[in-house]
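Participant:
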Amino acid sequence: MEATTMLLLFALLLAGQRRCTCTASVAAGEGGFSVDFIHRDSARSPFRHPALSPHARALAAARRSLQGEVLGRSYSGASPAAVPVSAADGGVESKIITRSFEYLMYVNVGTPPTQLLAIADTGSDLVWVNCSSNGSGSGGGGDGPADADAGGNVVFQPSRSSTYSQVSCQSNACQALSQASCDADSECQYQYPYGDGSRTIGVLSTETFSFVDGGGKGQVRVPRVNFGCSTDSAGTFRSDGLVGLGAGPVSLVSQLGAATHIARRFSYCLIPSYDANSSSTLNFGSRAVVSEPGAASTPLVPSDVDSYYTVALESVAVGGQEVATHDSRIIVDSGTTLTFLDPGLLEPLVTELERRIKLQRVQPPEQLLQLCYDVQGKSQTEDFGIPDVTLRFGGGAAVTLRPQNTFSLLQEGTLCLVLVPVSESQPVSILGNIAQQNFHVGYDLDARTVTFAAADCTRSSGSS
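Quick note on numbering: the sequence shown equals residues -22 to -1, 1 to 442 in mature numbering (1 follows the signal peptide of the UniProt record, and there is no 0).
(1) Quick check: what's the CA-CA separation for VAL87 versus ALA431?
(2) Are there three or more Cβ pairs, one per stretch, closer than 8 Å when the stretch 16 to 35 is compared with the stretch 250 to 259?
(3) Could you give the residue range of the alpha helix (DSSP H) that holds residue 444?
(4) Within 8 Å, do at least three Cβ pairs link the stretch 339 to 349 to the stretch 263 to 276?
(5) Under the assumption that THR368 contacts THR378 (Cβ atoms under 8 Å), give the Cβ distance between them as a whole number of angstroms.
(6) Ends of the beta strand (DSSP E) at PRO201?
(7) Give the secondary structure of SER442 by DSSP, where H, G and I count as helix, E and B as strand, and everything else as coil.
(8) Please list, in chain order, all residues of the same chain as TYR142 whose beta carbon is under 7 Å from its beta carbon, the five residues on each side excluded.
(9) Between the alpha carbons of THR427 and CYS109, how many angstroms are there, rounded?
(10) State the Cα-Cα distance for the pair ALA290 and PHE371, rounded to the nearest angstrom.
(11) With burial defined as no fewer than 16 other Cβ atoms inside 10 Å of the residue's Cβ, what is the status of GLY298: buried or exposed?
(12) For VAL140, is the classification buried or exposed, using 16 other Cβ atoms within 10 angstroms of its Cβ as the cut-off for buried?
(13) Going by DSSP, what residue range makes up the beta strand (DSSP E) through LEU44?
(14) When you compare the CB positions of ARG334 and VAL294, do they come within less than 8 Å of one another, or not?
(15) Which of helix, strand or coil does DSSP assign to THR314?
(16) Given 8 Å as the limit, is there contact between the stretch 158 to 165 and the stretch 219 to 235, that is, 3 or more CB pairs closer than that?
(17) SER164 and GLY410 - do their beta-carbons sit closer together than 8 Å?
(18) Can ALA311 and VAL400 be called in contact, C-beta distance under 8 Å?
(19) For VAL145 and GLY235, what's the separation of their Cα atoms in angstroms?
(20) Can you tell me whether LEU30 is buried or exposed, with buried defined as 16 or more other CB within 10 angstroms of its CB?
(21) Identify which residue in PHE187, THR314, GLY213 and GLN197 has its Cα closest to the Cα of ILE179.
(22) Enumerate, from N- to C-terminal direction, the unbroken alpha helix (DSSP H) stretches of 4 or more residues contained entirely within the stretch 207 to 278.
(23) Along the chain, where does the beta strand (DSSP E) that runs through ALA158 open and close?
(24) Taking C-alpha atoms, which residue in THR92, ARG199, ASP218 and ILE408 lies nearest to residue 458?
(25) Measuring CB to CB, does SER245 end up less than 8 Å from GLY420?
(26) Please look up how many angstroms separate the CB atoms of ALA96 and ASP218, rounded, as I've assumed it's under 8 Å.
(27) Taking the beta carbon of GLU402 as the centre, do at least 16 other beta carbons fall within 10 Å, making it buried, or is it exposed?
(28) Between CYS394, TRP106, ARG242 and PRO24, which lies nearest to GLY10 when the distance is taken from Cα to Cα?
(29) Under DSSP, the beta strand (DSSP E) around PRO343 begins and ends at which residues?
(30) When you compare the CB of PRO24 with every CB in chain D, is at least one pair closer than 8 Å?
(31) Which full runs of the beta strand (DSSP E) of 3+ residues lie inside the stretch 366 to 405, going along the chain?
(32) Alpha carbon to alpha carbon, what distance is there between LEU260 and ALA375?
(33) Ordered along the chain, which non-local residues of its own chain (more than five positions away) have a Cβ less than 8 Å from that of CYS435?
(34) Using the Cβ count rule (16 or more neighbours within 10 Å means buried), how would you classify THR429?
(35) With ASN386 and SER102 assumed to form a contact (beta carbons below 8 Å), what rounded beta-carbon distance in angstroms separates them?
(36) By the 10 Å Cβ neighbour count, where 16 or more other Cβ atoms means buried, how is GLY272 classified, buried or exposed?
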């Protein structure tokens, strides 16, 4: 009970820091802005289950990572089973991440603006929102997503916006989508598939997007953002839309760099998962510079999927001692909870952890994870004698993960390693979001780098 009590007390202390449900930004003249990056289990999320304990939420997040519950990943040329793409259509055989969403952000679309809560996805490109095809705002029957379970509560109505227009099928944005076609009016009709077979279908359009500060400091308005006006979808998206933050040409990040003075970079600082009453921060442009002491940058490397932020992982160390060297590629991703590693790196790492950790081994909850320990009666603030794990990336970058980045309490008194091997169902290495908590992580498409710096993300979120 002591560990749970500590978690709840810490959450109550931070409850007063909850900010307005409006999103945050800064004046456009500064060359950047920031918005709330809302975890699905936080108090700000409509998808949070208030009856679940912190441990139950952590276990559910691990289950989503391992079972690939809903949302997969898309890219130009992806080949999900439900929507096959041939090589003639520009398809490329590749490994796809399939998993649920973890973070959300607010976007304001149109003139006058409609506020929508969208999935924020670092592993796909297309920005899309649920649309009404006739301006009535009702769902189904051609007026919105046909699958009522697939959409959120808010539907954007193009006919009520003075800045809405559709995109020609000859445009670069339309050509960047692998599954797009021309209708009778030469407008771009798209079908955008995800790795689990879910998809969105609609008309590629342009609209003014705005990002407003909750404290009234100002507003960033970005005209002519290419986005999918989705009139049909399959799958369980459970949101008003999706903001693609991937590395491809139609992502929000790429469009901000091409259409504004805001550079093609973004960053986030993920607060610890037990802090359910605060939001992490998502930064764009000048706000996304990672300048904290000890910041380490690693170059992006070629990826099978243009959307992914892929880097080279070269070795791992435990307690400062190198235990494995094995060149592999790993995707840095905020939308996956667990970290998936190549067995050539993970197996020696686990062996060394087992040797060093003196806690009693216990069976993992639901047999999901391979290494769990009994910490019943111990304080949540103790490190349980767990050593740091250092990941060494290409370009000489070394990122040291604290015990809170490698282990998680998945049930009362049970602490489990949240590093797992790649598998047939999850065949690519991923640096997940638990490993990134309390790091300022910056993605720079112009410099082609990902940068990490240790940070107190709860404090930085409260001051932004």
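Positions of the beta carbon are idealized from the N, C-alpha and C atoms, including for glycine.
Facilitator: Straight from the coordinates:
(1) 33 Å
(2) yes
(3) Nothing can be reported for residue 444, as the shown portion of the chain is limited to -22 through 442.
(4) no
(5) 5 Å
(6) 197 to 212
(7) Confidence at SER442 is low in this model, with a pLDDT of 49, below 50, so the placement of that residue is unreliable and no value is reported for it.
(8) GLY88, PRO136, SER183 and GLU185
(9) 35 Å
(10) 6 Å
(11) exposed
(12) Looking at the sequence shown, residue 140 is not Val but Ser. Classification of SER140: exposed, given that the 10 Å Cβ count is below 16.
(13) LEU44 -> not in any beta strand (DSSP E); alpha helix (DSSP H) instead, spanning 32 to 45.
(14) no
(15) coil
(16) no
(17) no
(18) Just to set this straight, residue 311 is Asp in the shown sequence, not Ala. Their beta carbons are not under 8 Å apart, which means ASP311 does not touch VAL400 by this criterion.
(19) 19 Å
(20) exposed
(21) GLY213
(22) 230 to 237
(23) 158 to 160
(24) In the structure displayed, the chain extends from -22 to 442; residue 458 sits before or after that span and is not available.
(25) yes
(26) 6 Å
(27) exposed
(28) ARG242
(29) Unbroken run through PRO343: none, as it is neither H nor E.
(30) Of the chains in the structure shown, none is chain D; there is only one protein chain.
(31) 367 to 371, 376 to 379, 385 to 389, 392 to 395 and 397 to 399
(32) 23 Å
(33) CYS247, LEU248, ILE249, PRO250, SER258, THR259, GLN415, ASN416, PHE417 and HIS418
(34) buried
(35) Note that residue 386 is Ser in the sequence shown, not Asn. Not confirmed; about 26 Å, so no contact.
(36) exposed
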